[in-house]
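Count along the sequence shown from 1, then add 5; that gives the number in our numbering. The beta carbon of each residue, even a glycine, is placed where N, CA and C say it ideally should be.
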Amino acid sequence: MIDSTTPTSGRCAIVTGAARGIGLATAHKLARRGWPIALFDLDEGALDAAAASIRAAGGTAQGFAVDVSDEESVAQGAAAANAALGAPLVLVNNAGVLRDDFLFKATLDDWDLIMNVHLRGAFLMSRAVQSFMVAERWGRIVNLSSTSALGNAGQSNYSAAKAGIQGLTKTLALELGKFGITANAVAPGFIATDMTRATAERQGLTFEELAERVSGMTAVRRMGDPADVAHAIAFFVAEESSFVSGQVLYVAGGPSA
Ligand SMILES: NC(=O)c1ccc[n+]([C@@H]2O[C@H](COP(=O)([O-])OP(=O)(O)OC[C@H]3O[C@@H](n4cnc5c(N)ncnc54)[C@H](O)[C@@H]3O)[C@@H](O)[C@H]2O)c1
């Protein structure tokens, strides 16, 4: 729950890529903790349904059509969220895409897309909201990395971006700490979402086949659920976590390295 020292009025949490998957689960989790939620996503139709599902559960939420890789769109989205819900004092950089291929087939367009959504997106969003956090002397930034940051065949673009996210996170922690702002990263393993369903399809497997294969290689013998990741994100957002910054928490059902 929100602690007495957490700003409690005129503030909101922005979750990017919140129309589905891990982002939507995180939006629900933070809404249950009392945060009004600004859901940012490219998918306008899904955004409406996602925001409605949070309101139906008793939370406050509004969707904003934002492309996190576009500077203008990010600036407009941050201003609109501030005007509608209050200062964005929590930012979860979750929006993501995959374009897997082995190096010899990997294209520059795919490389640019992955860098733009994950890295440029996290940079633009963090830069856009830091002024609200600095003014309040309170803020929480949580970035989505991945076990792929440690290297994963077929994911040169994605693993580079997710490793970059870890460097960005540590630098944000160093620069913003004196303003009461923490920055941390969550690095999930295999989580059941549309993203991993598409991975199964690409590998010519049913989702159940891929899930069984991955579960067998995971210490706790199951794949992850979006709620598992949302829980870790909520830990970093909590008032009591103010002394935890610049960390990467692997949420992968076992040691990830
Ligand atoms: N699912 C996993 O196993 C897994 C593992 C490790 C890390 N992650 C990371 O977690 C995050 C969420 O993954 P997910 O599985 O929920 O994915 P998902 O594909 O289910 O959802 C991603 C959301 O991001 C949105 N999005 C994509 N590009 C965008 C852009 N430019 N601007 C705004 N929104 C955009 C999509 O519309 C979608 O709603 C991603 O950063 C992903 O890389 C996922």
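| query | When the Cα atoms are used, what is the spatial distance from T204 to G39? | reply | Translated into positions along the sequence shown, residue 204 becomes position 199. Translated into positions along the sequence shown, residue 39 becomes position 34. Whole-angstrom Cα-Cα distance: 34 Å.
| message | Going by beta-carbon coordinates alone, are G50 and D199 separated by less than 8 Å? | response | Mapped onto the sequence shown, residue 50 falls at position 45. Mapped onto the sequence shown, residue 199 falls at position 194. No, the pair does not count as a contact, with Cβ atoms beyond the cut-off.
| request: Determine the DSSP secondary structure at A24, reduced to helix, strand or coil. | output: As a first step, residue 24 must be located in the sequence shown, where it is residue number 19. The answer is coil: DSSP assigns A24 none of H, G, I, E or B.
| request: Flag A54 as yes when its Cβ comes closer than 7 Å to any non-hydrogen atom of ligand 1, and as no otherwise. | output: Here residue 54 is taken as the residue at index 49 of the sequence shown, counted from 1. For ligand 1, not one heavy atom lies less than 7 Å from the Cβ of A54.
| task | Please state if the CB of G144 and the CB of I186 are separated by a distance shorter than 8 Å. | result | Translated into the one-based positions of the sequence shown, residue 186 becomes position 181. Translated into the one-based positions of the sequence shown, residue 144 becomes position 139. Yes, the pair counts as a contact, with Cβ atoms nearer than the cut-off.
| query | Count the other CB atoms within 10 Å of the CB of R16; is the residue buried (16 or more) or exposed (fewer)? | reply | Residue mapping note: residue 16 aligns to position 11 of the sequence shown, counting from 1. Buried.
| query | By DSSP, does Q81 sit in helix, in strand, or in coil? | reply | Your numbering for residue 81 matches position 76 in the sequence shown. Reduced to three states, the DSSP call for Q81 is helix.
| message | Can you confirm whether the segment 51–58 touches the segment 99–110 when touching is taken to mean that 3 or more C-beta pairs between the two stretches lie within less than 8 Å? | response | Contact between the segment 99–110 and the segment 51–58 is absent, because fewer than three Cβ pairs lie under 8 Å.
| said: Just to confirm the assignment, what range does the alpha helix (DSSP H) spanning G126 have? | reply: The count along the sequence shown starts at 1 and reaches residue 126 at position 121. Taken as a continuous stretch (DSSP letters only), the alpha helix (DSSP H) holding G126 covers 126–141.
| query | Hey, would you say S131 sits closer than 8 Å to A192, going by beta carbons? | reply | Stepping through the sequence shown from its first residue, residue 131 is reached at position 126. Stepping through the sequence shown from its first residue, residue 192 is reached at position 187. Result no, Cβ atoms of S131 and A192 do not sit closer than 8 Å.
| request: Whole angstroms is fine: what's the gap from R259's alpha carbon to L52's? | output: Taking the sequence shown and counting its residues from 1, the one referred to as residue 259 is at position 254. Taking the sequence shown and counting its residues from 1, the one referred to as residue 52 is at position 47. The question names Arg, but residue 259 in the sequence shown is Gly. One C-alpha to the other measures close to 33 Å.
| message | Going by DSSP, what residue range makes up the beta strand (DSSP E) through D46? | response | Sequence index remark: in the sequence shown, residue 46 carries index 41 (1-based). It spans 42–46 - the beta strand (DSSP E) in which D46 sits, taken as one unbroken run.
| said: Please return the same chain residues whose Cβ sits closer than 8 Å to the Cβ of E214, not counting the five positions on each side in sequence. | reply: By 1-based counting over the sequence shown, the position of residue 214 is 209. A205, listed in sequence order.
| task | Measure the CB-CB distance between A165 and T174 and report whether it falls below 8 Å. | result | For the purposes of this step, residue 165 is identified with residue 160 of the sequence shown, where counting begins at 1. For the purposes of this step, residue 174 is identified with residue 169 of the sequence shown, where counting begins at 1. No, the pair does not count as a contact, with Cβ atoms beyond the cut-off.
| field | Beta-carbon spacing of T65, A18 below 8 Å | value | Your numbering for residue 65 matches position 60 in the sequence shown. Your numbering for residue 18 matches position 13 in the sequence shown. With respect to the 8 Å criterion, T65 and A18 are not classified as neighbours on the basis of their beta carbons.
| Counted within 10 angstroms of its Cβ, other Cβ atoms place A154 as buried (16 or more) or exposed | As a first step, residue 154 is located in the sequence shown; it is residue number 149 there, counting from the start. With 16 or more other Cβ atoms inside 10 Å of its own Cβ, A154 counts as buried.
| said: Looking at the secondary structure, which residues open and close the beta strand (DSSP E) in which F195 lies? | reply: Sequence index remark: in the sequence shown, residue 195 carries index 190 (1-based). Run containing F195: none; DSSP gives neither H nor E here.
| Can you tell which of S78, Q252, A84, G101 has its C-alpha closest to the C-alpha of S136? | What you label residue 136 is simply residue 131 of the sequence shown in a count that begins at 1. Residue nearest to S136 within the set S78, Q252, A84, G101 is A84 (criterion: CA-CA distance).
| request: Given a cut-off of 8 Å, decide if N157 and A127 are closer than it, judged by their beta-carbon atoms. | output: Looking up residue 127 in the sequence shown gives position 122. Looking up residue 157 in the sequence shown gives position 152. In this structure, N157 does not lie closer than 8 Å to A127 by Cβ.
| How long is the line joining the alpha carbons of S14 and P41, rounded to whole angstroms? | Here residue 14 refers to the residue found at position 9 of the sequence shown. Here residue 41 refers to the residue found at position 36 of the sequence shown. Those two C-alpha atoms are separated by around 9 Å.
| query | Along the chain, where does the alpha helix (DSSP H) that runs through L94 open and close? | reply | Within the sequence shown, the letter at position 89 stands for residue 94. In the DSSP annotation of this structure, L94 is not part of any alpha helix (DSSP H); the continuous beta strand (DSSP E) holding it starts and ends at 92–98.
| task | Round the Cβ separation of D46 and A30 to the nearest angstrom and send it over; I've been treating them as touching at under 8 Å. | result | Against the sequence shown, residue 46 aligns to sequence position 41. Against the sequence shown, residue 30 aligns to sequence position 25. Not confirmed; about 14 Å, so no contact.
| request: Assign M6 to one of two classes, buried (16 or more other C-beta atoms within 10 Å of its C-beta) or exposed (fewer than that). | output: Here residue 6 corresponds to residue number 1 of the sequence shown, with the count starting at 1. For M6, the predicted structure reports a pLDDT of 45, less than 50, and the residue's modelled location is therefore unreliable. The matter cannot be settled from this model.
| field | CA-to-CA distance, D115 to R207, given in whole angstroms | value | The residue labelled residue 207 in the question sits at position 202 within the sequence shown. The residue labelled residue 115 in the question sits at position 110 within the sequence shown. One C-alpha to the other measures close to 16 Å.
| In whole angstroms, what separates the C-alpha of N87 from that of F195? | Within the sequence shown, the letter at position 82 stands for residue 87. Within the sequence shown, the letter at position 190 stands for residue 195. Cα to Cα, N87 sits roughly 34 Å from F195.
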